[in-house]
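Report on the following structure.
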Amino acid sequence: MPELPEVEVVRAGLERHVLGSTIASVDVLHPRPVRRDHRGPAGFAAALVGRRIEAVHRRGKYFWLALDALPDRAGDALLGHLGMSGQMLLHEPGALDERHLRVRFGLVTPGGRRLEMRFVDQRMFGGLAVSEGGADLPAEIVHIARDPIDPAFDDDEFVRRARRRTSGIKRLLLDQGLISGVGNIYADEALWRSKLHGERPGDRLTGPVLRGLLGHVREVMGEALAQGGTSFDALYVNVNGESGYFAHSLNAYGRERQPCPRCGRPIARVAFMNRSSHYCPYCQRMPRST
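My numbering numbers the first residue of the sequence shown as 33 and each following residue consecutively.
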């Protein structure tokens with residue numbers, strides 16, 4: 033699933049190319065990606081045609097295109113989540129359709145150029161919806177915490193809340209109500225850098241250790257952003273269809289049985305919340321049971 037760096041790469045690409053554009057047409061080619069919009073496919077399209085894209089924002093793994101205000105309310109937003117395999121792609125009109133193209137937006141840029149913005153999603157766990165009055169922050173995601181690269185993220189509050197929890201620290205990193213945008217890949221990488229086992233309970237970690245972990249989360253995400261995110265297959269690409277290259281820099285995730293870059297012992301993989309955790313059993317010692 034795309035995590036914060038991948039979604040930020042997409043957000044930045046959209047901001048670079050579609051800001052100020054007017055949505056001239058919307059074609060919903062499959063209803064599932066707009067299933068969370070109460071208007072249905074036709075109403076979803078009608079709510080967007082003629083609107084101007086004023087800004088492109090992100091919170092955690094969600095992104096939204098802020099739209100111009102209407103006479104009777106503040107600006108709406110086109111809210112999106114990439115799910116497991118969602119892509120937002122930009123094309124010249126007439127480009128060959130992708131096999132899993134779900135929604136096509138016809139745009140007119142401020143300079144009068146025509147452009148297509150496409151939502152492509154093979155597995156269709158992602159989706160789009162119009163958030164009424166959601167230009168600043170869609171109501172649908174107010175429960176999502178700020179992410180660690182957000183300047184307004186409160187480190188002290190994260191530490192206080194984490195130290196009150198008995199859950200393992202990896203579960204806390206994946207709790208989008210506590211800290212957003214961190215998924216399986218970057219949690220494993222940050223824990224490896226911190227020499228922390230994912231089952232270490234939050235209430236047994238000191239403030240300095242948790243602040244150090246936040247530093248590693250930011251560090252690994254910053255490196256991933258610089259390399260365009262992490263692509264293991266063709267399901268994650270940026271708006272131009274290009275893959276990210278951070279997969280080549282991973283130290284723990286996806287490296288089962290390969291030598292730990294720090295100590296040389298084999299990286300281990302264990303089942304975790306219907307997915308996997310990768311860690312070094314020597315560098316990241318299992319916590320002692322009580």
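C-beta atoms are modelled at their ideal positions from N, C-alpha and C, and glycine is treated no differently.
Residue burial annotation: Ala303 is exposed, with fewer than 16 other C-beta atoms found within 10 angstroms of its C-beta. In this structure, His62 sits away from Lys93, with a CB-CB distance that is not shorter than 8 Å.
For the set His70, Ala222, Gln259, Leu228, the Cα lying nearest the Cα of Gly247 is the one of Ala222. Using a Cβ-Cβ distance cut-off of 8 Å, the segment 49-60 and the segment 143-150 are in contact, since at least three pairs of beta carbons, one from each stretch, lie closer than that value. The C-beta of Asn306 has fewer than 16 other C-beta atoms within 10 Å across all chains shown, which makes the residue exposed. DSSP places Phe137 in the strand class (E or B) of the three-state scheme. Short of 7 Å from the beta carbon of Arg193, and not among the five residues preceding or following it, lie these beta carbons of its own chain, in chain order: Leu210. For Val252, the secondary structure class from DSSP, reduced to helix, strand or coil, is helix. For Gly138, the closest of Glu130, Gly126, Cys315 by C-alpha to C-alpha distance is Gly126. Distance from the CA of Ser117 to the CA of Arg178, rounded to the nearest whole angstrom, comes to 23 Å. Straight-line measurement puts the Cα of Pro233 at about 24 Å from the Cα of Glu288. Within the segment 127-203, the complete beta strand (DSSP E) segments at least 3 residues long are 133-140, 146-153, 159-163, listed from N- to C-terminus. With at least 16 other beta carbons inside 10 angstroms of its own, Glu35 counts as buried.
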